[in-house]
Amino acid sequence: MKTLILNGSPRLNGDTAALLAVLRENLNGEITEISAYRDNIKPCIDCRKCRTLPGCAIRDDMDIVTSNDFDNVIVASPVYYGLLAGPLISLASRFQFYYSAKAFLNAPIEVTPKLGAVILTAGGSKGNANNAVPLARVILRIRGAALPDEKIIMSAQTDSFPAKNDTAAAEKIRSLAARWNQIDRS
Ligand SMILES: Cc1cc2nc3c(=O)[nH]c(=O)nc-3n(C[C@H](O)[C@H](O)[C@H](O)COP(=O)(O)O)c2cc1C
Numbered sequence: 015m016k017t018l019i020l021n022g023s024p025r026l027n028g029d030t031a032a033l034l035a036v037l038r039e040n041l042n043g044e045i046t047e048i049s050a051y052r053d054n055i056k057p058c059i060d061c062r063k064c065r066t067l068p069g070c071a072i073r074d075d076m077d078i079v080t081s082n083d084f085d086n087v088i089v090a091s092p093v094y095y096g097l098l099a100g101p102l103i104s105l106a107s108r109f110q111f112y113y114s115a116k117a118f119l120n121a122p123i124e125v126t127p128k129l130g131a132v133i134l135t136a137g138g139s140k141g142n143a144n145n146a147v148p149l150a151r152v153i154l155r156i157r158g159a160a161l162p163d164e165k166i167i168m169s170a171q172t173d174s175f176p177a178k179n180d181t182a183a184a185e186k187i188r189s190l191a192a193r194w195n196q197i198d199r200s
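By the count of the numbering used here, the sequence shown reaches residue 200 at its end, each step adding exactly one.
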């Protein structure tokens, strides 16, 4: 089983990292983590080359993100202004070539079906993630992964209650890992 994590947190030992540590402890198989802050992924510059040739003209770590060689994709991010962190949105802009392949080349790019989940952290009591979730859903849908509601895991109120102490969120992550570990991928 191969899992891709798209991490939108700039903090190496922050709240999102604490929840991802629980995932790593419990999920079997190979985990590849892409940091929207630290890995080499440039934003889409609307060069429009994908309107005449399939794929993106920019060569960088985005090739890992768009690889079909994953069974699961997880979007993990702090909530910033009600959205995903900016660099993760910037990363998502690079999915434009999937749209161009359909709209301009009439040749949709094949995407293998995957399982999806979202892990969000938020400082405020309500989390204010109403707009973050739809964006995460778009990212997962483009990568071939559906996002059922029960796979949205949120740790809110981190300003006063760090995610590393959020036992309820940790339990949800353990249960997600247990379910995915049971699926026969052969
Ligand atoms: C620029 C910025 C914007 C933020 N916007 C929100 C917000 O809209 N709602 C919220 O509840 N918390 C917000 N926060 C708080 C973070 O979501 C919170 O501290 C989170 O736990 C950080 O996760 P991390 O340690 O994994 O980066 C914001 C923090 C920053 C730095």
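Ideal placement from N, C-alpha and C gives every residue a C-beta, glycine not left out.
I'd like the list of long-range same chain contacts for residue i, defined as Cβ closer than 6 angstroms, with 5 residues on each side in sequence excluded.
{"i": "residue 172", "result": "29, 135 and 137"}
{"i": "residue 165", "result": "131"}
{"i": "residue 195", "result": "42"}
{"i": "residue 13", "result": "Because residue 13 is not part of the residues shown, which for the chain are 15 to 200, the question remains open."}
Assign residue i to one of three DSSP states: helix, strand, or coil.
{"i": "residue 100", "result": "helix"}
{"i": "residue 20", "result": "strand"}
{"i": "residue 181", "result": "helix"}
{"i": "residue 92", "result": "strand"}
{"i": "residue 124", "result": "coil"}
{"i": "residue 40", "result": "helix"}
Rounded to the nearest angstrom, how far is the Cβ of residue i from that of residue j, given a contact under 8 angstroms?
{"i": "residue 123", "j": "residue 68", "result": "7 angstroms"}
{"i": "residue 99", "j": "residue 23", "result": "7 angstroms"}
{"i": "residue 112", "j": "residue 156", "result": "6 angstroms"}
So, for residue i: in the same chain, excluding its five sequence neighbours on each side, which residues have a beta-carbon less than 7 angstroms away from its beta-carbon?
{"i": "residue 180", "result": "169"}
{"i": "residue 82", "result": "125 and 126"}
{"i": "residue 158", "result": "125, 126, 127 and 128"}
With distances taken between CB atoms, is the gap from residue i to residue j smaller than 8 angstroms?
{"i": "residue 34", "j": "residue 48", "result": "no"}
{"i": "residue 84", "j": "residue 16", "result": "yes"}
Under 8 angstroms Cβ to Cβ from residue i, same chain only, skipping five residues before and after it: list those, please.
{"i": "residue 149", "result": "97, 98, 103 and 106"}
{"i": "residue 71", "result": "61, 63 and 64"}
Three or more C-beta pairs below 8 angstroms linking the region 37-45 and the region 176-191: yes
Sufficient close CB pairs (3 or more, under 8 angstroms) joining the region 92-101 to the region 136-155: Between the region 92-101 and the region 136-155 there are three or more inter-stretch CB-CB distances shorter than 8 angstroms, so the stretches are counted as touching.
Neighbourhood of ligand 2 [Cβ distance below 5 angstroms to any heavy atom], ordered by chain position: This structure lacks ligand 2; the ligands present are ligand 1.
Three-pair Cβ contact test at 8 angstroms for the region 104-121 versus the region 167-182: As far as the Cβ criterion goes, the region 104-121 does not touch the region 167-182, which means the pair count is below three.
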